[in-house]
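Numbering that gives the first Met the number 0 applies: residue 0 is where the sequence shown begins, and numbers increase by one.
Using N, Cα and C, we set each Cβ at its ideal position, and we do this for glycine too.
Here is the structure we will look at.
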Amino acid sequence: MQIFIRLAEVPLLLAFWGAQLYGEWLMLAAIPAYLSIGDGGFATAACRDMAMKSGAGDRQGALAVFQSTWLLLLVVSLGAFLLAYSFVALVPLHNWLGFTTMTAADTRAVLLLLVVHVLIGFQGGLLNGGFWVTGRYPTGMALGAFTQLLEFCGLAIAVLLGGGPVQAAIGYVSGRALGIGLTWFVQRRVSPWLRHGFAHASLTELRRLTAPAFASLAFPLGNALNIQGMRLVVGLALGPAAVAVFTPLRTLSRLAMQSCAVINRLIQPEMALAYGADDTPLFQRLFFKSCQFSLWGCLVAAAVVASASYWIFPVWTSGKVVMHWPALSLLLAGVLVNSIWYTALMVPYATNRHARIAVVYSLVYGAGAFVMGYLGAKALGLSGAALALMAVEIVMAVIVVRAALKMAYMEMDQWLWAVLRPPLDILRRMVKLDLSNTRRAN
Numbered sequence: 000m001q002i003f004i005r006l007a008e009v010p011l012l013l014a015f016w017g018a019q020l021y022g023e024w025l026m027l028a029a030i031p032a033y034l035s036i037g038d039g040g041f042a043t044a045a046c047r048d049m050a051m052k053s054g055a056g057d058r059q060g061a062l063a064v065f066q067s068t069w070l071l072l073l074v075v076s077l078g079a080f081l082l083a084y085s086f087v088a089l090v091p092l093h094n095w096l097g098f099t100t101m102t103a104a105d106t107r108a109v110l111l112l113l114v115v116h117v118l119i120g121f122q123g124g125l126l127n128g129g130f131w132v133t134g135r136y137p138t139g140m141a142l143g144a145f146t147q148l149l150e151f152c153g154l155a156i157a158v159l160l161g162g163g164p165v166q167a168a169i170g171y172v173s174g175r176a177l178g179i180g181l182t183w184f185v186q187r188r189v190s191p192w193l194r195h196g197f198a199h200a201s202l203t204e205l206r207r208l209t210a211p212a213f214a215s216l217a218f219p220l221g222n223a224l225n226i227q228g229m230r231l232v233v234g235l236a237l238g239p240a241a242v243a244v245f246t247p248l249r250t251l252s253r254l255a256m257q258s259c260a261v262i263n264r265l266i267q268p269e270m271a272l273a274y275g276a277d278d279t280p281l282f283q284r285l286f287f288k289s290c291q292f293s294l295w296g297c298l299v300a301a302a303v304v305a306s307a308s309y310w311i312f313p314v315w316t317s318g319k320v321v322m323h324w325p326a327l328s329l330l331l332a333g334v335l336v337n338s339i340w341y342t343a344l345m346v347p348y349a350t351n352r353h354a355r356i357a358v359v360y361s362l363v364y365g366a367g368a369f370v371m372g373y374l375g376a377k378a379l380g381l382s383g384a385a386l387a388l389m390a391v392e393i394v395m396a397v398i399v400v401r402a403a404l405k406m407a408y409m410e411m412d413q414w415l416w417a418v419l420r421p422p423l424d425i426l427r428r429m430v431k432l433d434l435s436n437t438r439r440a441n
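Take a look at the structure:
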């Protein structure tokens with residue numbers, strides 16, 4: 000759903016607003032993204048803990064976690080809004096960011112509305128626990144995707160009716176509020192015993208969740224700095240119009256990552272089962288086969304994206320953004336490197352041994368990309384920003400793959416030989432199976 004929204008958003012906002020205003024919107028939207036980690040990872044940690052307690056038959060314990068976390072999120076939300084309001088009132092953000100199309104008043108209003116959007120999302124993160132405790136996690140995922148669609152519809156309707164950034168932000172927030180309201184309505188029917196309130200809230204529960212919460216925090220922090228942060232970096236170094244070029248290029252390059260994302264979701268539970276059963280040969284096979292499929296699947300996807308971009312990009316951006324081939328080439332190269340190490344990351348992640356990697360993830364993949372991206376953009380423009388991202392991917396590949404090999408008891412040359420070979424054995428099996436089915440049908 001997120002990819003669909005990004006693909007639809009680019010031509011819509013470019014056509015109605017132009018590159019400058021669209022770039023200013025992207026820069027503003029990147030700032031509240033950092034507030035999304037403001038719950039300290041407690042919502043995610045609480046969902047896991049509630050699921051475990053419910054599985055053990057301890058509904059009272061799950062309810063205590065739910066209400067304790069809800070109380071914390073309310074306090075954090077109030078504090079975050081007051082801080083954001085003070086920041087907007089005191090800081091000349093409009094001048095700092097070099098906006099020329101959006102007014103200072105609109106800048107303040109849009110930023111506050113986007114902050115509210117994030118704070119409403121805190122509630123959705125906790126409500127997911129209501130689906131985890133009943134084994135209906137897919138329902139929660141579906142509602143989350145539907146909420147994203149409602150957000151985009153609210154934004155799109157406002158823009159199509161001639162609205163500017165303020166009206167678009169109102170539509171965006173309204174869509175999320177409607178989606179979270181629907182999620183709460185369904186959650187109350189799926190797990191009615193998991194209700195809001197303060198009677199079972201406990202500071203003891205919050206202290207107990209602190210360690211897993213902060214471990215969970217490192218990954219979204221790294222993602223926020225690497226993905227949303229690059230919008231700010233490019234905007235500060237090169238101006239909002241450059242953001243309107245860089246963001247579509249990165250969205251296009253990340254299309255090649257979708258097959259890897261599917262493989263990573265599928266392989267996690269299988270790796271956990273193999274690790275729990277102490278089946279090292281199976282664990283190793285899952286490790287190198289998943290990396291092999293990610294690399295070659297991403298390679299094919301990247302080739303398709305690179306080939307089709309010549310025709311797709313001008314149509315997609317309504318001819319308002321000029322293709323920057325050096326930047327796209329570097330971004331696609333970075334995606335190829337990412338396909339290897341991000342899949343290798345599933346080795347520590349699936350076996351709950353990711354504490355150290357999580358710190359590296361936030362520092363290198365997050366903060367490292369932010370700093371190097373700014374320096375690269377200042378020195379070499381969009382190509383410099385893309386080159387910085389590729390450099391970060393290479394560093395992460397070295398760190399993560401070495402750690403994963405150690406945990407999987409594999410040697411580098413053994414792993415490379417397995418991964419760099421095309422997965423022809425699977426293709427041969429698929430062809431044989433197809434021929435066998437054809438013969439049976441005849």
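Check: Could you pull the start and end residues of the alpha helix (DSSP H) that R352 belongs to?; Outcome: Run containing R352: none; DSSP gives neither H nor E here.
Check: Within a Cβ cutoff of 7 Å, which residues of the same chain sit near R445, ignoring the five residues on either side of it in sequence?; Outcome: Absent from the model: residue 445. The displayed extent of the chain is 0 to 441, so no value can be given.
Check: Just to confirm, is the Cβ distance from R352 to M406 under 8 Å?; Outcome: yes
Check: What did DSSP end up calling I156 once you bin it into helix, strand or coil?; Outcome: helix
Check: In this structure, does DSSP put W340 in helix, strand or coil?; Outcome: helix
Check: Quick one: using the 10 Å Cβ neighbour count with 16 as the cut-off for buried, is R264 buried or exposed?; Outcome: exposed
Check: Please report the distance separating the alpha-carbon of Q273 from that of P280.; Outcome: In the sequence under discussion, the amino acid at residue 273 is Ala, which differs from the Gln named in the question. Near 9 Å, if we compare the C-alpha coordinates of P280 and A273.
Check: What residue range does the alpha helix (DSSP H) around E8 cover?; Outcome: 1–16
Check: Pick out whichever of L125, N225, H195, V75 has its Cα sitting closest to the Cα of A385.; Outcome: N225
Check: DSSP state of T102, grouped into three classes?; Outcome: coil
Check: When you compare each of P31, E150, G296, P313 to V484 by their alpha carbons, which one comes out closest?; Outcome: Absent from the structure is residue 484, since the part of the chain shown begins at 0 and ends at 441.
Check: Specify whether the segment 187–207 and the segment 64–79 touch according to this definition: at least 3 beta carbon pairs, one from each stretch, less than 8 Å apart.; Outcome: yes
Check: Give me, in chain order, the residues of the same chain whose beta-carbon lies closer than 6 Å to that of A176; leave out the 5 immediate sequence neighbours on both sides.; Outcome: I119
Check: With a Cβ-Cβ cutoff of 8 Å, do A387 and M371 count as a contact?; Outcome: yes
Check: Between the alpha carbons of P191 and L12, how many angstroms are there, rounded?; Outcome: 41 Å
Check: Could you pull out every residue in the same chain whose Cβ sits closer than 8 Å to the Cβ of L374, ignoring the five residues on either side in sequence?; Outcome: G383, A387
Check: Starting from W295, follow the alpha helix (DSSP H) in both directions and report where the run begins and ends.; Outcome: 279–315
Check: With 16 as the cutoff for other CB atoms within 10 Å, does I2 come out buried or exposed?; Outcome: exposed
Check: Excluding the 5 residues flanking P91 on each side, which residues of the same chain have their C-beta closer than 8 Å to its C-beta?; Outcome: A103
Check: Would A144 and M229 be called neighbours here (beta carbons separated by less than 8 Å)?; Outcome: no
Check: Looking at V242: is its Cβ nearer than 8 Å to the Cβ of M411?; Outcome: no
Check: Is the segment 252–267 in contact with the segment 110–117, if contact means three or more CB pairs nearer than 8 Å?; Outcome: no
Check: Would you mind reading off the limits of the alpha helix (DSSP H) that contains H93?; Outcome: 92–95
Check: Between A18, L294, L181, A223, which has its C-alpha nearest Q257's C-alpha?; Outcome: L294
Check: For V115, does the three-state DSSP call read helix, strand or coil?; Outcome: helix
Check: So S190 is in the alpha helix (DSSP H); what residue range does that whole segment cover?; Outcome: Where S190 is concerned, there is no enclosing alpha helix (DSSP H), given that its DSSP letter is neither H nor E.
Check: Whole angstroms are fine: how far does the CA of C259 sit from the CA of L329?; Outcome: 19 Å
Check: In or out: M140 buried (at least 16 other Cβ within 10 Å) or exposed?; Outcome: exposed
Check: Among A390, V391, A403, S338, which one has its Cα closest to the Cα of P347?; Outcome: A403
Check: Looking only at its chain, what residues have a beta carbon closer than 7 Å to the beta carbon of G153, apart from the 5 residues adjacent to it on each side?; Outcome: G170, Y171, S173, G174
Check: Let me confirm a value: Y360 is counted as buried when at least 16 other C-beta atoms fall within 10 Å, else exposed. Which label applies?; Outcome: buried
Check: Hey, which unbroken runs of the beta strand (DSSP E) at 3 residues or more fall wholly within the segment 378–428?; Outcome: none
Check: Could you tell me which of S85, A61, A155, G97 sits nearest to L126, measuring between CA atoms?; Outcome: A61
Check: For L34, report the span of its alpha helix (DSSP H) as first-last.; Outcome: No alpha helix (DSSP H) holds L34; DSSP gives it neither H nor E.
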